[in-house]
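Per this note's numbering, the sequence shown starts with residue 5, numbered consecutively.
In this text, a Cβ means the ideal position worked out from N, Cα and C, and glycines have one as well.
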Amino acid sequence: MENLQSAVDSLVHSSNTLFILIGAVMVLAMHAGFAFLEVGTVRQKNQVNALSKILSDFAISTLAYFFIGYWISYGVSFMQPAAVITADHGYGLVKFFFLLTFAAAIPAIISGGIAERARFVPQLCATALIVAFIYPFFEGVVWNGNFGLQAWLLARFGASFHDFAGSVVVHAMGGWLALAAVLLLGPRQGRYRDGRLVAFAPSSIPFLALGSWILIVGWFGFNVMSAQTLQGVSGLVAVNSLMAMVGGTVAALIVGRNDPGFLHNGPLAGLVAICAGSDLMHPVGALVTGAIAGGLFVWCFTAAQGKWRIDDVLGVWPLHGLCGVWGGIACGVFGQTALGGLGGVSLISQLIGTSLGVVVALAGGFAVYGAIKAVHGLRLSQEEEYYGADLSVHKIGAMSQD
5 MENLQSAVDS LVHSSNTLFI LIGAVMVLAM HAGFAFLEVG TVRQKNQVNA LSKILSDFAI
65 STLAYFFIGY WISYGVSFMQ PAAVITADHG YGLVKFFFLL TFAAAIPAII SGGIAERARF
125 VPQLCATALI VAFIYPFFEG VVWNGNFGLQ AWLLARFGAS FHDFAGSVVV HAMGGWLALA
185 AVLLLGPRQG RYRDGRLVAF APSSIPFLAL GSWILIVGWF GFNVMSAQTL QGVSGLVAVN
245 SLMAMVGGTV AALIVGRNDP GFLHNGPLAG LVAICAGSDL MHPVGALVTG AIAGGLFVWC
305 FTAAQGKWRI DDVLGVWPLH GLCGVWGGIA CGVFGQTALG GLGGVSLISQ LIGTSLGVVV
365 ALAGGFAVYG AIKAVHGLRL SQEEEYYGAD LSVHKIGAMS QD
């Protein structure tokens with residue numbers, strides 16, 4: 005019997021390790037989606053810079069999260085013998101890999117907002133600080149119960165703050181951090197002339213669409229594998245993600261009047277919003293959540309660029325910041341049993357947790373980018389921005405004329 009139990013335990017641990025490893029690889033692939041979404045949206049003279057930022061940011065994020073961030077979030081350090089950290093088939097190591105891909109999404113989100121005028125090395129410094137300290141602080145509060153906030157919400161309102169796959173912990177954090185950076189950087193040269201918005205057309209709709217599709221496919225690893233074990237996996241999460249994606253697509257298609265940029269960001273808006281409550285909502289609630297997110301993105305992107313003069317190149321604040329906030333709130337609405345959800349969620353707790361995420365992100369963003377701006381500067385020079393970050397930073401263009 006002992007041998008049988010040992011074999012069963014070994015099978016469970018190995019299966020869970022493989023399960024979460026597949027999820028980690030799928031979310032890792034999403035970073036290619038972030039890269040090509042940015043490559044297709046920016047002007048051609050900044051395409052190389054977009055590709056270089058995403059890969060460099062991931063490398064810096066890995067170092068920051070491995071040595072500092074993961075310990076802040078979960079109190080786990082890997083500075084132990086390999087014989088210790090490979091227990092249970094190395095499940096703890098693969099769990100780190102999976103959660104790292106979430107952490108590294110933060111600078112990938114920010115990259116799209118500050119594109120075309122941000123300096124390269126200062127952004128890498130910001131990435132290190134954000135992934136080592138700011139993101140892990142809030143991640144630990146929500147997903148590891150640090151500082152007792154979740155216990156207090158449970159005792160006071162009957163449910164803790166629920167964010168299954170990171171509408172607020174990942175996406176809203178990334179979006180509001182990006183807003184701080186965008187405001188400190190200011191708009192691109194020539195974006196506003198004589199009080200009018202000047203259109204900067206995307207360099208490649210096919211690349212933009214490719215980035216969107218890679219993100220869509222990888223997102224099912226992002227959401228479904230957030231269960232982190234085979235025992236916890238749920239088809240409800242998969243179908244809710246699908247319905248929210250479709251809702252966001254249709255809403256963006258209609259509200260955006262067939263604009264391909266809006267169309268290919270609509271499904272991403274829906275997927276951002278469904279992350280928090282994908283394990284609780286009824287599929288119809290997920291559809292509504294995604295549709296509202298798709299419409300919200302189009303409206304807010306248009307208003308931010310035109311009325312508010314916030315030059316957020318990829319619209320990461322509307323897409324991740326505002327749709328992430330909506331996702332945190334929607335979880336508290338459509339997760340209720342009265343609307344077909346599974347229950348166990350409090351709207352008040354969702355509002356408090358979501359608001360805290362916004363405050364931490366904004367404060368952290370202004371602190372990090374404000375300090376770097378004061379010490380090193382954030383922007384390319386006027387001449388460097390004119391010639392583009394590709395030639396100014398990387399000394400090579402995206403296309404060869406030979």
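Straight-line gap, residue i to residue j (C-alpha atoms, nearest Å)
{"i": "Leu-234", "j": "Phe-100", "result": "17 Å"}
{"i": "Leu-343", "j": "Val-228", "result": "22 Å"}
{"i": "Gly-289", "j": "Ala-184", "result": "32 Å"}
{"i": "Asp-263", "j": "Gln-84", "result": "53 Å"}
{"i": "Phe-106", "j": "Gly-392", "result": "30 Å"}
{"i": "Gly-347", "j": "Val-250", "result": "24 Å"}
{"i": "Phe-266", "j": "Gly-298", "result": "9 Å"}
{"i": "Ile-64", "j": "Ile-134", "result": "11 Å"}
{"i": "Ile-26", "j": "Lys-311", "result": "43 Å"}
{"i": "Ser-18", "j": "Gly-236", "result": "15 Å"}
{"i": "Val-241", "j": "Leu-32", "result": "20 Å"}
{"i": "Gln-51", "j": "Tyr-390", "result": "14 Å"}
{"i": "Asn-53", "j": "Glu-42", "result": "10 Å"}
{"i": "Gly-194", "j": "Val-202", "result": "7 Å"}
{"i": "Val-349", "j": "Asn-20", "result": "27 Å"}
{"i": "Gly-325", "j": "Gly-369", "result": "13 Å"}
{"i": "Gly-117", "j": "Leu-22", "result": "35 Å"}
{"i": "Ser-353", "j": "Leu-157", "result": "6 Å"}
{"i": "Ile-356", "j": "Gly-239", "result": "29 Å"}
{"i": "Leu-246", "j": "Gln-405", "result": "42 Å"}
{"i": "Trp-147", "j": "Gly-331", "result": "17 Å"}
{"i": "Leu-351", "j": "Ala-248", "result": "20 Å"}
{"i": "Phe-137", "j": "Val-276", "result": "23 Å"}
{"i": "Pro-191", "j": "Asp-316", "result": "8 Å"}
First and last residue of the uninterrupted alpha helix (DSSP H) at residue i
{"i": "Asp-92", "result": "91-107"}
{"i": "Tyr-373", "result": "351-379"}
{"i": "Trp-223", "result": "209-228"}
{"i": "Asn-53", "result": "51-68"}
{"i": "Phe-40", "result": "6-45"}
{"i": "Gln-407", "result": "No answer is possible for residue 407: the residues shown for the chain start at 5 and end at 406."}
{"i": "Trp-75", "result": "74-78"}
{"i": "Gln-386", "result": "386-391"}
Simplified DSSP state of residue i, which is helix, strand or coil
{"i": "Arg-195", "result": "coil"}
{"i": "Leu-201", "result": "strand"}
{"i": "Ala-122", "result": "strand"}
Local Cβ density within 10 Å of residue i, reported as buried at 16 or more and exposed below that
{"i": "Thr-253", "result": "buried"}
{"i": "Asp-198", "result": "exposed"}
{"i": "Trp-180", "result": "buried"}
{"i": "Thr-341", "result": "exposed"}
{"i": "Arg-313", "result": "exposed"}
{"i": "Met-177", "result": "buried"}
{"i": "Val-329", "result": "buried"}
{"i": "Val-125", "result": "exposed"}
{"i": "Asp-13", "result": "exposed"}
{"i": "Val-363", "result": "exposed"}
{"i": "Met-285", "result": "buried"}
{"i": "Phe-151", "result": "exposed"}
{"i": "Asn-7", "result": "exposed"}
{"i": "Gln-386", "result": "exposed"}
{"i": "Ser-164", "result": "buried"}
{"i": "Thr-90", "result": "exposed"}
{"i": "Ser-81", "result": "exposed"}
{"i": "Lys-399", "result": "exposed"}
{"i": "Gly-215", "result": "buried"}
Which residue spans inside the stretch 238-308 form an unbroken alpha helix (DSSP H) run of at least 4?
239-259 and 264-278
Could you give the uninterrupted runs of the alpha helix (DSSP H) lying entirely in the stretch 138-196, keeping only those of 4 residues or more?
139-147, 153-161 and 177-189
Ignoring anything shorter than 4 residues or poking outside the stretch 320-355, list the alpha helix (DSSP H) runs there in chain order.
327-338
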